[in-house]
Every structure is written in structure tokens, then in C-alpha cells.
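Numbering (my numbering), first residue to last: 22 to 317.
All C-beta atoms, glycine included, are put in the ideal place defined by N, C-alpha and C.
Before any comments, here is the structure.
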Amino acid sequence: MKNNIILIVNPISGDVDKSELIDAATAFAEKENLNLVIYNTSGISDSDNIKVLYSTYAPERIIVAGGDGTIKMVAEAMEEHDVIIGILPAGSANGLAVDLNLPSTIEENLEIAFHNDFMEIDMISINGKKSIHLSDLGVNAEMIKNYENSSIRGKWGYALQTVSTLIDLEDPFIATITGDFPTIECEARMIVIANSQKYGTGVSINPNGVMDDGKFELVILKNMDLVVLGKIITGNMPIDVNDVEIISTDQAFVTTNIPVSFQIDGEYCGKETKLNIEILPKQLKVAVPNPINEII
Numbered sequence: 022m023k024n025n026i027i028l029i030v031n032p033i034s035g036d037v038d039k040s041e042l043i044d045a046a047t048a049f050a051e052k053e054n055l056n057l058v059i060y061n062t063s064g065i066s067d068s069d070n071i072k073v074l075y076s077t078y079a080p081e082r083i084i085v086a087g088g089d090g091t092i093k094m095v096a097e098a099m100e101e102h103d104v105i106i107g108i109l110p111a112g113s114a115n116g117l118a119v120d121l122n123l124p125s126t127i128e129e130n131l132e133i134a135f136h137n138d139f140m141e142i143d144m145i146s147i148n149g150k151k152s153i154h155l156s157d158l159g160v161n162a163e164m165i166k167n168y169e170n171s172s173i174r175g176k177w178g179y180a181l182q183t184v185s186t187l188i189d190l191e192d193p194f195i196a197t198i199t200g201d202f203p204t205i206e207c208e209a210r211m212i213v214i215a216n217s218q219k220y221g222t223g224v225s226i227n228p229n230g231v232m233d234d235g236k237f238e239l240v241i242l243k244n245m246d247l248v249v250l251g252k253i254i255t256g257n258m259p260i261d262v263n264d265v266e267i268i269s270t271d272q273a274f275v276t277t278n279i280p281v282s283f284q285i286d287g288e289y290c291g292k293e294t295k296l297n298i299e300i301l302p303k304q305l306k307v308a309v310p311n312p313i314n315e316i317i
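Listed below in C-alpha cells is the structure:
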């Protein structure tokens, strides 16, 4: 009897045709004598449908072909189950794949997703919602909102929305941050809630990020020049430590003087004035390149 693997495909993520990837995964599964069950997300009852698939097939692994948002959705659906998630990066935002040092070719990623060892990574609870990678308040979230409302996808879409977002940028907000550290009150353009290091663009926003250390970082980008800010969020310039403040903690509470755009793992979540944040240790098993210690 063949072992089951479920492949979750987000057909619209990253505005990339997934047919080549699906064909390659199907051929790989046949070669390995595995039964591949393919599910295409639709945006309707996906989480419930994935739970039913898991109960029906009891898979060895669930493999996700999509971006950070799709991975997060599958992780939340599987929070009651002990299952390894493999990643085939295929989204507009592939930040988690970048942080895990996943390779660029389909063939190498299939080998890792189907067979490799795993690491147990933390997640973050923000106002009761889970974040697997990077969330933020401010200019990047505003850009994501504009991107989601645009008809242009992929890297060009992000580039265009970065320009228009910076042109229309409002005044910085004032944030008050409390926790098991001295209270901080400051002007900011952006506050990142980071479980890891890099955005999908490759820019290292949080050099201290480790995904399985029981901590998250708050990265506060202060009132910096708009050109510099644009270069940072598009990955064309590393952040200067003098322009940011980084706090490593396991819980924090953030309040802002005005409602500020907020996003979780590349998905716009509206405007917020309060964020209650806490770490959720070792929530998710993710297949990673061997050896693991190269990515930590």
C-alpha cells in the first residue's frame, strides 16, 4: 500500500502558472511510489477542506506550493496534528523559503519537501491571529494593501506599489511598546514583528532572527528618509542599525496614536491601534535542507 502525500496548490499565488510544478511533483511521487493527492485552493473553506483531506488520507507529509500566506493557512489547519510541511516556493512572498535557504530549482525543492529532515519552528500570536514569518505595522503593510487592490502581480506589481505608496505616505505614527523591558515610546514608519530574518525580497530586516528560539523580535524603523525606506522594503539596501531599534522578547503590547495598516505574512489585515503579541514555541514542523545547523 502506497504512503500518501497531500500537495496543496495555490493556483493564483505569485501570478505563476503551477502546471510545471504539479507535473514535476506528480512524476517525483510516482518515482518514489507515493500516492500524491492534489488540492487546489479556492479561497472558500480551504482550511476545512484540508482538515477533511488529512483525516481521509493520514498523509506522511503535506507539501505546499504557494507563498507565505498559503503556508500559514495550512499550518493553522494542521495545528492539532503532528505532520511535517514541505515547501515548494511559488508565491508573491516567499520569505519563509528564503529564510530556510531553500534552493531555486524545482528538483532540489521536491527532494527536500518529500524526504528531508525538519525543524520545529515557532509561530507568533498577534491579537489571536497566527504569524509564521514576518508581520508589520506601517508602510510595508500599506504597500501590501495597495498591491492586493492592484491588477498587476509579481515583482513588477510590488515595485509599482512601492513607488505609489511612498509618494502617498502619511506622517509617521507614534508607538508605545511595553513588555518585560523598559517601555518605549517613539515615532516610527514601520514596526516589524519578526520570527525570522528576511523578507521574500532577500533583505535582512532582522539579523537576530532565529525561528526556533522561543523569542520574536520587534524591529522599529524610525522616521527615516523615504528614498532609504523604499530601498529597504524592496530589498535594494540593507538596514542601517542606527536607523532601527530591535527588541527580542517572548511577549509585547504595542499601541499607536492613530490606526495603522497591518499585515500578517503578506496578507493585509486592516488598520490597528493595539497589538497583543506572544510567542508560540515549536508550533510547526517544516522540511529543511540538510544539515539543519546551516540555517540557524
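- One thing to note: Asn227 has its Cβ no nearer than 9 Å to the Cβ of Met144.
- DSSP places Met211 within a strand segment (E or B) once states are collapsed to three.
- Under the criterion of beta carbons closer than 8 Å, Ile241 and Ala273 do not qualify as touching, at roughly 11 Å.
- DSSP places Ala45 inside the alpha helix (DSSP H), whose first and last residues are Ser40 to Lys52.
- Rounded to whole angstroms, the gap between the alpha carbons of Gln218 and Asp120 is 6 Å.
- Taking 9 Å as the cut-off, the Cβ atoms of Gly88 and Pro110 count as close.
- Residue nearest to Ala79 within the set Lys23, Asn161 and Val307 is Lys23 (criterion: CA-CA distance).
- About 5 Å separates the CB atoms of Ala308 and Ala134; that is less than 8 Å, so the two are in contact.
- For Asn115, the three-state secondary structure derived from DSSP is coil.
- Sequence-distant partners of Val37 (beyond 5 residues in either direction) whose C-beta falls short of 6 Å from its own C-beta, in its chain, are Ala111.
- For a cut-off of 8 Å, the C-beta gap from Ile300 to Gly235 is around 6 Å, short enough to register as a contact.
- Assigned with DSSP and collapsed to three states, Ser146 falls in strand.
- In the DSSP assignment, Thr77 falls within the unbroken alpha helix (DSSP H) covering Asp67 to Tyr78.
- Listed in chain order, the non-local C-beta contacts of Glu293 below 6 Å within the same chain comprise Phe283, local neighbours out to five positions each way being set aside.
- For the pair Lys93 and Glu288, the CB atoms are nearer than the 9 Å cut-off.
- Per DSSP, Asp234 is not a residue of any beta strand (DSSP E), being assigned neither H nor E.
- Annotation: the continuous alpha helix (DSSP H) that includes Leu131 extends over Ile127 to His136.
- Between the C-alpha atoms of Leu57 and Ile83 there is a straight-line separation of about 10 Å.
- When DSSP reads this structure, Pro110 sits in a beta bridge with Gly87.
- Residue state for Met94 is assigned as helix, using DSSP reduced to three classes.
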